[in-house]
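Mind the numbering: the sequence shown is residues 1297 to 1783 in the working numbering, read in order. Glycine is no exception: its CB is placed at the ideal position from the N, C-alpha and C atoms. Below: the structure, in structure tokens.
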Amino acid sequence: MTTGESAIPLNLSSSISSLNELDVTQYIPPWKSPYIIGVAGVSGSGKTTVAQQIIEEINQPWTVLVSLDNFYKPLTKEQSAQAFRNEYDFDTPDALDLDLLYECINSLKKGEKAVLPVYSFASHSRTKETITIYGCNVIIIEGIYSLYHSKLLDIMDMKIYVDTDLDICYSRRLLRDIVERGRDLEGIIKQWDTFVKPNSERFVKPSMLSADIIIPRGSDNLVAMNTIITHIRKQLKTKSAEHVQHLIKLGQKFKTIDYNRVHILPKTNQLEGMCAILLNKQSSRDEFIFYFDRVALILIDEALELIHYSPIKETKIITPGGYIFKNAMRQSQEVVAVNMIRSGDCFMSSLRKTIPEVKVGKLLIQQDSQTGEPQLHTEKLPPLANGNNVLLFDAQTISGAASIMAIKIMIDHGINEEDIILVTFFSTEIGVRRILNAFGKVNIVIGKMGSSNDTDTEARKSEIGYCSDNDWWMSTRFIDAIYFGTD
1297 MTTGESAIPL NLSSSISSLN ELDVTQYIPP WKSPYIIGVA GVSGSGKTTV AQQIIEEINQ
1357 PWTVLVSLDN FYKPLTKEQS AQAFRNEYDF DTPDALDLDL LYECINSLKK GEKAVLPVYS
1417 FASHSRTKET ITIYGCNVII IEGIYSLYHS KLLDIMDMKI YVDTDLDICY SRRLLRDIVE
1477 RGRDLEGIIK QWDTFVKPNS ERFVKPSMLS ADIIIPRGSD NLVAMNTIIT HIRKQLKTKS
1537 AEHVQHLIKL GQKFKTIDYN RVHILPKTNQ LEGMCAILLN KQSSRDEFIF YFDRVALILI
1597 DEALELIHYS PIKETKIITP GGYIFKNAMR QSQEVVAVNM IRSGDCFMSS LRKTIPEVKV
1657 GKLLIQQDSQ TGEPQLHTEK LPPLANGNNV LLFDAQTISG AASIMAIKIM IDHGINEEDI
1717 ILVTFFSTEI GVRRILNAFG KVNIVIGKMG SSNDTDTEAR KSEIGYCSDN DWWMSTRFID
1777 AIYFGTD
């Protein structure tokens, strides 16, 4: 701060005094309750084709296909030798680590990150590679024993069994294993007769009884496929509408909230002058960038005042003149920056000047053009650990929905709620309400905040720097467009 003044804690008590105090609704992101589909059937029945057609038709980018093929148990040397002689039974339930599969799916259902193994049929072993999954709205589990594990069945929303004649399955398996898995014809036939067919009749076909829907002839059964896809679309549409309504309610329900965690920059002449330049349509883009960077520096400095510091005791600070500097302080927590693409990128120049070595992550959260639902498109984060301070940057907070989702992502990655600092230039009051109702321990640093109180007096509205939530610059995203020259 240029004048040495501290930021002003926000006091919203006057604007909510007339409202009844209600219990706050905890924010639940869409990936906290994903729609889970199990697709089972005999090897070669067309399970993968059915799963891929469902993915294509529902057209949800947050859909994950989890194949049981990656969950085969690691083999011992003896078992590996048997596998290369086509004498190891891969088609019994004991060959699969279904407990690990359940743990991974259950983690995703809780909204947590899951790490999946990768299995190589060429080497008959798990590879060193893994697949990390986070933030999926739809999970499709595909494999011969998808409907076998009782705990998995309990968390599935839809259970599908693909019923295809064994002779057709046999021919498909021959073609697939030769072309895709590099296996020899004699070994495939031997394995089919010895293991695949007996286990299919003993274990796989009985799992049909657990299915909600049985599809004869697989994806060729257009009536069944259309029915399934229509039902899934309906369920996803309902979930999307519930998510939007949930976000709206966050701005309407109130409990006792610690508004001292909201820090608005004081109305200095310097700040008001820079805001006037930024809002003036006559200002050039160079001027806009220059003055936004100056405001960003002030916001970042204020955010860094909220970082934890501790005295330096174990080492001495010696000045160039040889004197010992006592009572020194240092930052006690690592700071990680996370930009909400793309308006958060406007802070990067100022951030690099302030903390050159800072680790930076990125989130792309956009609203659906039809439903208004915030959706996570990209999540690229540096390693995060409990105890890190996260500076979350978004140039404008309007509805607060994207910020709420971003904060939830940070918490899912192990960051304490009180260690998250949202830094924003323009923010509506309703956006702040939603954020604090969902996450009351988060700190928010704001350049200018609007008022949602329609009963503000004319004297209040005539104050220098007064903004309403309905003002154009509060309700419309424009900063990133001008900053990056895409307006």
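- DSSP state of K1373 mapped onto helix, strand, coil: helix
- Below 8 angstroms, can you find three or more Cβ-Cβ pairs linking the segment 1403 to 1416 to the segment 1382 to 1391? no
- Message: Which of the three DSSP states is assigned to T1782 in this structure?
- Response: coil
- What residue range is occupied by the uninterrupted alpha helix (DSSP H) comprising R1581? 1581 to 1600
- Message: Residues in the same chain with beta-carbon distance under 7 angstroms from A1681, minus the five sequence neighbours each way, listed in chain order, please.
- Response: G1710
- Query: According to DSSP, which residues form a beta bridge with I1524?
  - Reply: I1524 pairs with nothing; no bridge assigned.
- With DSSP as the reference, label M1701 as helix, strand or coil. helix
- Item | Between the CA atoms of Y1587 and K1744 - distance to the nearest angstrom | 15 angstroms
- Whole-angstrom distance between I1427 and S1699, CA atom to CA atom: 27 angstroms
- Message: Based on DSSP bridge pairs, tell me the residues matched to G1342.
- Response: Partner(s): none; G1342 has no beta bridge.
- Message: Is it the case that the segment 1483 to 1497 contacts the segment 1361 to 1376, given that we only count it when at least three CB pairs across the two stretches are under 8 angstroms?
- Response: no
- Query: When DSSP builds the beta bridges, which residues end up paired with P1357?
  - Reply: In DSSP, P1357 forms no bridge with anything.
- Pick out whichever of H1539, H1527, K1530, S1639 has its Cα sitting closest to the Cα of T1720. S1639
- Query: Are the beta-carbon atoms of Y1415 and L1392 separated by less than 8 angstroms?
  - Reply: no
- Proximity to N1556 [Cα-Cα], best of T1344, E1675, I1717: I1717
- Query: What's the C-alpha gap between I1694 and S1341?
  - Reply: 50 angstroms
- Item | 8 angstroms Cβ cutoff met for Y1457 and A1507 | yes
- 8 angstroms Cβ cutoff met for S1748 and D1767: no
- So, do the segment 1345 to 1363 and the segment 1463 to 1477 have three or more beta carbon pairs nearer to each other than 8 angstroms? no
- Message: Measuring only the C-alpha atoms, how far is L1659 from K1493?
- Response: 48 angstroms
- Tell me, which residues are paired with L1412 by DSSP? I1427
- Assign V1495 to buried or exposed, taking buried as 16 or more other Cβ atoms, counted over all protein chains shown, within 10 Å of its Cβ. Reading the sequence as shown, one finds Asn at residue 1495 and not Val. So N1495 ends up on the buried side.
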